[in-house]
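Order-wise, the sequence lines are chains A and P. Just so you know, the numbering used here puts 138 at position 138 of the first sequence, and the rest follows in order with no gaps. Just so you know, the numbering used here puts 227 at position 60 of the second sequence, and the rest follows in order with no gaps. The beta carbon of each residue, even a glycine, is placed where N, CA and C say it ideally should be. Here's the structure we're looking at; comments come further down.
Number of protein chains: 2
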Amino acid sequence: MAVHVLTLMAWADDEPLKSEHVAESVNTNPVVIRRMLCELAESKLVVSQTGSMGGSRLARQPEEITLLDIYQAVESRGVFSLHRHPPNPDCPVGVNIGSVLNDVLDEVDSAVETVLSKITLKEAVGRLKPCVRTVGTTARIAGAKTLNAVATAKRKNGKEHTLSARN
Amino acid sequence: MAVHVLTLMAWADDEPLKSEHVAESVNTNPVVIRRMLCELAESKLVVSQTGSMGGSRLARQPEEITLLDIYQAVESRGVFSLHRHPPNPDCPVGVNIGSVLNDVLDEVDSAVETVLSKITLKEAVGRLKPCVRTVGTTARIAGAKTLNAVATAKRKNGKEHTLSARN
DNA sequence: CTAACTGTAACTATATTAGTTACAGAAGAT
DNA sequence: ATCTTCTGTAACTAATATAGTTACAGTTAG
Numbered sequence: 001m002a003v004h005v006l007t008l009m010a011w012a013d014d015e016p017l018k019s020e021h022v023a024e025s026v027n028t029n030p031v032v033i034r035r036m037l038c039e040l041a042e043s044k045l046v047v048s049q050t051g052s053m054g055g056s057r058l059a060r061q062p063e064e065i066t067l068l069d070i071y072q073a074v075e076s077r078g079v080f081s082l083h084r085h086p087p088n089p090d091c092p093v094g095v096n097i098g099s100v101l102n103d104v105l106d107e108v109d110s111a112v113e114t115v116l117s118k119i120t121l122k123e124a125v126g127r128l129k130p131c132v133r134t135v136g137t138t139a140r141i142a143g144a145k146t147l148n149a150v151a152t153a154k155r156k157n158g159k160e161h162t163l164s165a166r167n
Numbered sequence: 168m169a170v171h172v173l174t175l176m177a178w179a180d181d182e183p184l185k186s187e188h189v190a191e192s193v194n195t196n197p198v199v200i201r202r203m204l205c206e207l208a209e210s211k212l213v214v215s216q217t218g219s220m221g222g223s224r225l226a227r228q229p230e231e232i233t234l235l236d237i238y239q240a241v242e243s244r245g246v247f248s249l250h251r252h253p254p255n256p257d258c259p260v261g262v263n264i265g266s267v268l269n270d271v272l273d274e275v276d277s278a279v280e281t282v283l284s285k286i287t288l289k290e291a292v293g294r295l296k297p298c299v300r301t302v303g304t305t306a307r308i309a310g311a312k313t314l315n316a317v318a319t320a321k322r323k324n325g326k327e328h329t330l331s332a333r334n
């Protein structure tokens, strides 16, 4: 989800976006977005401006933000987690399995990080654009204003709920 | 946790283990173990025998089971998941972000799978043994019987709860 | 000063997983 | 045959994590 949010901002091209409008695109609540933006701000990925005409924009250029940066900013735990209760210390396997698993987890994590570090936000937007083009070039030129319009249009509809997601 | 269970079995060297004893080592409930064992049995990683003197053992040799096999048997969803609700289809970014993210998710998943596929159960046990040796060689020779003894010893103590885990 | 924003606390809702109790059925032991 | 010791599985409760909601204080442009 955080990737979605930052992609929006990269797409809006330095125009500050309001949490309400971002929420419309992500199809969620503005507060959820603001919470996430706070995390992203702590990691210096976005800057927000309070007050009227405020909003959030990227703190760096899209080519200087990788998916790894985003992942580290919002994801607290690693890819997998260990036992919820510690294994039995009286069992020869139980005592030592933890350190073995931790080594494996470290290997997995660093593999994931390697993949994510190779993808920048700019690339993500690039992967997006070929599809967007089919809608028409006006959307691209309009930038942030388009999002605004979309949000306004959506506001009059009821809510709907369907699938599942975290990024 | 599944890795823990299968490591126990590899360690027990083809001796069938009872769910109750495995549960003692993992420090959880026998039913939780049996549920997991059922999943592992569906994936043909273990075989179980009902009835008295029953139990479970590995269906293949430890060197023929990788952590990827275990991961795929037990973990239903990929490493990350997508939006819990679908993004706004009226937003140019919202419509297309899903397919972009799916591509990324696929890359991440295959990186994880590559790492896991390179580690066999036999190796996991090997990483374990240097530590176990410090306890004394008797434990190693005793095999399944040792687990039994450990379980019996533990049974008289109260319960305790502390940390966190999934594999 | 006011309107339009963000930041954040406090709470509720939902989903996933673990743990528990209970019991039917399988197979060795007698 | 039947008792005992196991697995398999259903049905429920508990714990945890995340999302969503409401509410409001603080900030800034006009």
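Straight-line Cα distance separating residue j from residue i
| i | j | result |
| --- | --- | --- |
| Gly-136(A) | Leu-58(A) | Low confidence applies here, because Gly-136(A) scores a pLDDT of 39, under 50, leaving its location unreliable; read the following figure in that light. Straight-line Cα distance between these residues: approximately 25 angstroms. |
| Leu-8(A) | Arg-77(A) | 25 angstroms |
| Ala-177(P) | Arg-202(P) | 19 angstroms |
| Asn-196(P) | Ser-186(P) | 9 angstroms |
| Leu-173(P) | Leu-288(P) | 8 angstroms |
| Val-189(P) | Ile-200(P) | 7 angstroms |
| Asn-27(A) | Arg-294(P) | 47 angstroms |
| Ala-278(P) | Glu-242(P) | 16 angstroms |
| Asp-257(P) | Met-168(P) | 43 angstroms |
| Ser-25(A) | Val-198(P) | 44 angstroms |
| Ala-41(A) | Pro-92(A) | 46 angstroms |
| His-85(A) | Cys-205(P) | 22 angstroms |
Min CB distance residue i to chain A below 9 angstroms
| i | result |
| --- | --- |
| Pro-182(P) | A small correction: the amino acid at residue 182(P) is Glu; Pro does not occupy that position in the sequence shown. No, because no Cβ of chain A sits closer than 9 angstroms to the Cβ of Glu-182(P). |
| Asp-236(P) | no |
| Glu-191(P) | yes |
| Glu-209(P) | no |
| Leu-283(P) | yes |
| Arg-224(P) | no |
| Leu-204(P) | no |
| Ala-240(P) | no |
| Val-275(P) | yes |
| Leu-288(P) | no |
| Met-220(P) | no |
| Arg-294(P) | yes |
Same chain, Cβ closer than 6 angstroms to residue i, neighbours up to 5 away in sequence not counted
| i | result |
| --- | --- |
| Asn-255(P) | Gly-261 |
| Glu-234(P) | A quick correction: the sequence has Leu, not Glu, at residue 234(P). Around Leu-234(P): Leu-283, Ile-286. |
| Glu-113(A) | Leu-68 |
| Ser-210(P) | Ala-240 |
Sheet register partners of residue i (DSSP bridge)
| i | result |
| --- | --- |
| Arg-224(P) | Val-214(P) |
| Thr-120(A) | Thr-66(A) |
| Leu-17(A) | Ser-56(A) |
Cβ of residue i within 9 angstroms of any chain P Cβ
| i | result |
| --- | --- |
| Ala-34(A) | In the sequence under discussion, the amino acid at residue 34(A) is Arg, which differs from the Ala named in the question. For Arg-34(A), the answer is no, since every Cβ of chain P falls outside 9 angstroms of its Cβ. |
| Ala-111(A) | yes |
| Glu-63(A) | no |
| Pro-30(A) | no |
| Val-104(A) | yes |
| Gly-94(A) | yes |
| Val-47(A) | no |
| Val-7(A) | Here the sequence assigns Thr to residue 7(A), which means Val is not the residue at that position. Chain P contact via Cβ: present. |
8 angstroms CB neighbourhood of residue i in its chain, flanking five on each side removed
| i | result |
| --- | --- |
| Leu-249(P) | Gly-265, Leu-268, Asn-269, Leu-272 |
| Phe-80(A) | Leu-105, Val-108 |
| Leu-171(A) | Because residue 171(A) is not part of the residues shown, which for chain A are 1 to 167, the question remains open. |
Sequence-distant residues of its chain with Cβ nearer than 7 angstroms to residue i (five each side left out)
| i | result |
| --- | --- |
| Val-170(P) | Leu-234, Ile-237, Ala-291, Asn-334 |
| Pro-62(A) | Ala-10, Thr-120, Leu-121, Lys-122, Val-125 |
*the stretch 251–270 of chain P in contact with the stretch 209–222 of chain P per 3-pair CB rule at 8 angstroms*: With contact defined as three or more Cβ pairs closer than 8 angstroms, the stretch 251–270 of chain P and the stretch 209–222 of chain P are not in contact.
*Touch test, the stretch 271–278 of chain P against the stretch 204–219 of chain P, Cβ-Cβ under 8 angstroms, three pairs minimum*: In this structure the stretch 271–278 of chain P does not lie against the stretch 204–219 of chain P, because fewer than three pairs of beta carbons, one per stretch, are closer than 8 angstroms.
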